[in-house]
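A quick write-up on the structure given underneath.
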Amino acid sequence: MPKQIKRKLFTKQKWAKGHSCDSNPEYNKHRQQAKSGLFVTQNAFVRNKSEPAVDNMSVDSDDSCVSKFTAITQCTNMSILKVSNEMRNDFEFRESVISVITAISKVIKDKGGNENAVEYFAALCVLLSETTDKNSIASVTFLLAKVMPQVPSTLLVSRFSDVSKIFYTLLRKYSGTEEELLLRHTLICLAILLKVQPNSVWQYTSTAEMLNTILSYSINCKHRLRRYACIAVLHVIWGKNENSSNVHPAVNLCAKFCMHHLECKSNGEQQRIVEYIFCLLKRVLPYMGDYYIRKQSELVLTHMADDEGSLCNLGFDLLKCMFSTKPSICTKLNAQLILALGDFRPNFLKADLFIVWLDTIVEAILCLEERDDKLASSFAEKLIVDAMPWLSSSSQRIVEKSAKVVRLLLNNCFVEKKNYAKSLFSLFSRFFHDLVEAQCTTAVAFELCGCFFENFGNYVSQLDELKIFTNNLTEMYNNHELLKQSTMIENLFSIMIKHVGVEEVMTHVRLKFDQAVAPGVPVDLSQVWMLKVLSFSVRRARIQYFLEYYFPMAIRLKLFACSRLAEQQRDESNAKLYEFLQKQIWNLFPSFCRNAVDLPACLDKLCDVIGTSLTERPDLRLTVLKAIRNLLHTEANSRLELEKFCDRISPLLCKLYCSSSLADDDSSVVAVKLALAATVKRCFTFASDELKSKLASFGLKRIGDDLQNEHPNVEKPMDMLVMLASHLNAAALEAVWEFLWANDRKLNEKCTLKKKVYQLLEAVLKNTTTTNMKIEPAMVIIDNLPKEKLTLSVKARRYHCILAIIDHLQSSEVIDLKKWLVQAFDDVHGGNAKLKRCVANLLFAVVEFLEKIRGTRDLALEEVMDILLDRLNLQSNSASNICSLVYGFRFLLFKYQLPAVLLDKMMQVMDELIRNDQRPVVASCLQFYLGFLKTQPSYVCDQYFRTIVEALFKQNCVCARHFRFKTREVLEELIGQYSFEEVAKFAPQEARKRLVAVRKLLAVRMRRKLGLKQQNRSKTQITAGRRSLKSARTTKPDTVRMLLFDPNQNSNNMNQRRKVMKKAASTVSVNLKEAADDEIADLLDLNLDKHLILKDKKMNKKLFEEDDFAIAEDGRIIIDDDEKMLQDEAEHQEYEFDKEEEEDGDDDDGESGHSEVVDHPIKRQVAKKKNSKVEKHKRKDTGIHKRTSNLEPYAYIPLDKRLLRRRQQRKSKSIFKGIVGKRQK
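Here is the structure:
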């Protein structure tokens, strides 16, 4: 509420109840004036019934202003505030506007009218024509400016004569007065009226007079009135236009008006008018034609030549705005204006004016570039030549603006860059040395050169200036006095290598590793810093260049390193240096292979180098493998060339992968093994079918021999065959199928081999060519389990394989599918998250398979439910079987909307299971209820609300005590969705204390979330119900959702999560909350996080004592907004409130007493100890440490300005004397 309204309401005057309106005035002038013009409002639709737009207008339309007016008539404070924000900060004017709206709407309602834009427009026009009060006229014009945009244009055209006469009369009548508010809104109303008129109306002189009247206010001495006049002129220009020239008739009138005032003789008064005309032209000049733009520009430049002050600044700004809007002017006029602007270049001493001029001429060149790119490029080149000396200016602003202009022109102009590359490169080379010597512009020089090479790099490779420029850069880098510029030189070389080319640049900057400096120094290391630049700069280079230039250099350095170690006097330092340099050169190999352009020309030599490196240089395998992957990801080579390359390199890679030297237990080669696997997969994508078949035969033969000889590395060929299976043809797949069937007994001897069999079988089944293959052998292989006990990873892989088989099953094989589903649920309870995810996916796949057979999903779900319930009937005493059953229920609830019959069965079973004495069973039931409340819609939860509440308190005493935290989570969810009273209806009387504690916790959470930190509010009432406490529900993730989340599909999210957890671990300490019965905590429990206490190390450790909340008669919680309590709650974690909620007591009244909360990880009553540091800070400032015989290092005198008074001098002396005393001799 505005301050004025608040002040009005809080006056000292008070009225008796029911007599607050006695102070209202008896005479309602606005209502009486509206009644006098009622006939116009009543017949608004009748008089305009012939207009189709009026007939089709919806009375119930969502018009913004009409809806606001309707809300104001309802006398709501919020509606008044919305309209008040659009008015002046004048209370009287706002009051007048609201009274007018109320009076007109009351008249419209009394006469049976509808509150729409047409009715309001008619009533306001009549009221405007009859009223004489200035405040009322201002209010009516304000409302008309809001209503008229929503009135149909046909109505405004038909009533143009009557309505325009009203506005025109007001402008003429109050033109010389101080009624600025009235004139501003009248200008807008007249502009809106003129905006919708057709071009034929502009043929009359009266219409031109109206526009001239609006234009006359654009040179008024009042700023707001001028601004509104300019806005009104723009409204008219943006109006309906039927001319083929796309120039509104009002534009020519505006141009003539501006030319008339600009052609007048210049004097003191005229100078001010010229400035106002410049401001008007800034808005309307882009809409004029070529003729008027030329005339206006000539007059503007003439006035700018006579005055170098504010007119120049306004003129440049005017032309800049015109060019930035890209007006439709001819090329010749644009070029002429650029030449004229060049003659108006200001002096450097006027930095502000120079910067505005520079922006203007750049906008003019960019505008010309869209019409004639060659002419714009010539102007841009000339401006860049002129701007280079400006970079050495003493003004930092001019230097920054000039550099920005050069970058802008280089990036946006010069379409035919080849014609300008040589001249611009010579220019930059010439000025680069001068700019670097001026230390203040060194960064600017490097930045501009980098921008030049990014745009013209492809055209400077054959220029002689490139050699000179690179040699100068090299000398600068080797100059130790310019050490600070080394980073900028490296970045510039990197840009040159990326855009000019590595061969072109390195031709002038050689590494010199093949040159001997002296007889004892065989390698010149002066250019070794270029290796760092090359490592991240090479793009689209020739592999042949690397093989001819860098590869021999690396071999030479390797020989030098070996020779230093083979000599009698071992020189290990130089050997390590040469070894490091040759590895740096090899690290360039992957960059040269990325987007290589000459693979066909160097294929033979490349394959020889890769083969030699992989076999003879194990230390280079990671680098070479990365180069192969980069080469296979390139887009510059055709698939045929890559196929030839893969056919030659794939056998070697497979041989290395299957080599016995790469043992799994050797940690030094794990990275090489993974790199080999990734490279082999990529090679199989491009390899030919003939090679794939040969490799498959080789792999099958190798596996058979290894199984015959009991070779330990039989898993390596199996891995290779798994990677190859998805790319094989039908014949090769048939051979793999027969091999698996023939060697099934041998492959079942080890559990690890069975996992590889499942992986291979899954890859074969996912191959698109296995549509006609028989599935019976695969089913037999899955059913034949090894003698060893399967590990969790093998079980998960087995169920993955079953998921692949389901796509090929027939309807007659449902029995086998049900058998696999039963086996899966036998393993789900003791499995990890990956195994549970596999079982859930298998369950969903079975439901979809049965849905295809049975026809409906309900029948499929019913059949799956029977399978789960049959397991319960067979072995009802086993905890693992019961927990697996509950897992099945949770999976089905999460995925599907179950019918009511199945939900009834499910809830009956859960009601019986929660009474079980086995703790895993009770824990599964509580988790089921929690997931049920979170995943099911509200109408389903309402149906089983009473069943869930009653079931929570049917646990036996041992389980209820053990799972009190899990039970509290379910109660929080119930009270959060419903209310305390609803839950208490079906809960036993002895559980009321727990429900009160849960409600209290939810209230504290919601108060903290809402952030009630306002000191003026003393009490806040919170109703406990579905809507109010819905926001206070805890945001704990559903376990089934987290279980079905596959981290492999969202690796980026997992990486971000690890970073956040790592960052939080540095500031958070974790403590284990011990149970009251001294039970040993299970560290492998998935619900262990419920027993952990997280504390922020940076948090101030302060004691906190929780007070009870007052309960109203209707059950609402009344929270006292105490400032100290809010501050203490913000500094403590949520777990501190949980410590006293679950204390089992014998009290039945439901009211919890005061209890002390101690910051201790063990949950038991501990006496509250005094903190010496806290007590020290609680001392009063008046307390003083008296001097004793012992040294008191913390003795102090508090600062008190009263001790400086004249009357306190004696007391001050005594205080200082008691502490300091006399000096001992």
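Going by the numbering used here, the first residue of the sequence shown is number 279, and it counts up by one from there. For glycine and all other residues, C-beta sits at the position ideal for the given N, C-alpha and C. Quick caveat: nothing in here was measured; it's all calculated off a predicted structure.
1) Where do the N-terminal and C-terminal ends of the alpha helix (DSSP H) with Tyr856 fall, by residue?
2) Taking buried to mean at least 16 other C-beta atoms within 10 Å of its own C-beta, is Glu753 buried or exposed?
3) Within a Cβ cutoff of 7 Å, which residues of the same chain sit near Lys500, ignoring the five residues on either side of it in sequence?
4) Let me know the secondary structure DSSP gives Val1261 once reduced to three states.
5) Helix, strand or coil for Asp742? Go by DSSP, reduced to three states.
6) Hey, quick one: how far does the alpha helix (DSSP H) through Val958 stretch, first residue to last?
7) What do you get for Ala583, buried or exposed, if any count of 16 or more other CB atoms within 10 angstroms of its CB means buried?
8) Taking only runs of the alpha helix (DSSP H) that begin and end inside the region 1064-1102, which ones reach a length of at least 4 residues, in chain order?
9) What three-state label does DSSP hand Glu1419 in the structure shown?
10) Please work out which residues of its chain come closer than 7 Å, Cβ to Cβ, to Met1143, disregarding the five sequence neighbours upstream and downstream, and give them in chain order.
11) Closest to Lys762 by CA distance: which of Leu789, Thr720, Phe867 is it?
12) Assign Asn733 to buried or exposed, taking buried as 16 or more other Cβ atoms, counted over all protein chains shown, within 10 Å of its Cβ.
13) Flag this pair as yes or no: are the beta carbons of Arg1150 and Asn1159 separated by less than 8 Å?
14) Who are the Cβ neighbours of Thr1069 in its own chain at under 7 Å, not counting the five residues just before and after it?
15) Which value, in whole angstroms, describes the spacing of the CA atoms of Phe724 and Lys776?
16) Is it buried or exposed, Val948, if we count other Cβ atoms within 10 angstroms and call 16 or more buried?
17) Any contact between the region 1127-1141 and the region 1161-1169? By contact I mean 3 or more CB pairs, one from each, below 8 Å.
18) Please go through the same chain and pick out, in chain order, the residues whose beta-carbon is closer than 7 Å to the beta-carbon of Arg1488, but skip the five residues on each side of it.
19) Please list, in chain order, all residues of the same chain as Tyr264 whose beta carbon is under 7 Å from its beta carbon, the five residues on each side excluded.
20) If you run the structure through DSSP and keep just helix, strand and coil, what is Gln1233?
21) Residue range of the alpha helix (DSSP H) that Ala874 falls in?
22) Would you check if there are 3 or more beta carbon pairs closer than 8 Å linking the region 1104-1114 to the region 1083-1090?
23) Between Ala654 and Leu661, how many whole angstroms is the CB-CB distance? I'm expecting something under 8 Å.
24) With a floor of 4 residues, list each alpha helix (DSSP H) that falls wholly inside the region 459-530, ordered by position along the chain.
25) How far does the alpha helix (DSSP H) with Met566 in it extend, from its first residue to its last?
26) Measure from the C-beta of Met996 to each C-beta in chain B and report whether the shortest distance is under 8 Å.
27) Comparing alpha-carbon positions, which option in Arg450, Leu434, Tyr570, Asn769 lies nearest Met600?
28) By alpha-carbon positions, which one of Leu843, Ala853, Thr765 ends up nearest to Val801?
29) Taking Lys534 as the reference, give the member of Pro878, Met566, Gly517 with the closest Cα.
30) Do you know whose CA, among Ile676, Glu678, Cys691, Phe731, lies nearest Phe703's CA?
31) Closer than 8 Å by C-beta to Arg1480: which residues in its own chain qualify, once you throw out the five before and the five after it? Chain order, please.
32) Could you work out which residue in Thr1047, Ser496, Lys1052, Trp1019 is closest to Tyr1036 when comparing CA atoms only?
33) Where in the region 414-453 do unbroken runs of the alpha helix (DSSP H), each at least 4 residues long, occur, reported from the N-terminal end onward?
34) For Tyr1077, which residues from the same chain have a beta carbon less than 7 Å from its beta carbon, with the 5 sequence-adjacent residues on both sides left out?
35) Please name the residue, chosen from Pro1266, Val1276, Leu559, Cys932, that lies closest to Gln1255 on a Cα-to-Cα basis.
36) Just tell me which of Cys1235, Leu421, Ile376 has its CA closest to the CA of Val396.
Reading it off the structure:
1) 850-864
2) exposed
3) Glu458
4) helix
5) coil
6) 948-964
7) exposed
8) 1070-1084
9) Legend: pLDDT at Glu1419 = 37, less than 50; position of this residue unreliable, no value from coordinates given.
10) Leu1180, Lys1183
11) Thr720
12) buried
13) Looking at the sequence provided, one finds Leu at residue 1150 rather than Arg. Closer than 8 Å, so yes.
14) Cys1029
15) 16 Å
16) exposed
17) no
18) none
19) The structure shown does not extend to residue 264, since the chain is modelled only from 279 through 1503, so no value can be given for it.
20) coil
21) Here Ala874 belongs to no alpha helix (DSSP H), and DSSP marks it neither H nor E.
22) no
23) Rounded, the Cβ-Cβ distance is 10 Å, inconsistent with contact.
24) 483-494, 501-515
25) Unbroken run through Met566: none, as it is neither H nor E.
26) In summary, chain B is missing from the structure at hand, where a single protein chain is found.
27) Tyr570
28) Ala853
29) Met566
30) Phe731
31) Gln1486
32) Trp1019
33) 431-436, 438-451
34) Ala1102, Cys1116, Val1117, Leu1120
35) Val1276
36) Leu421
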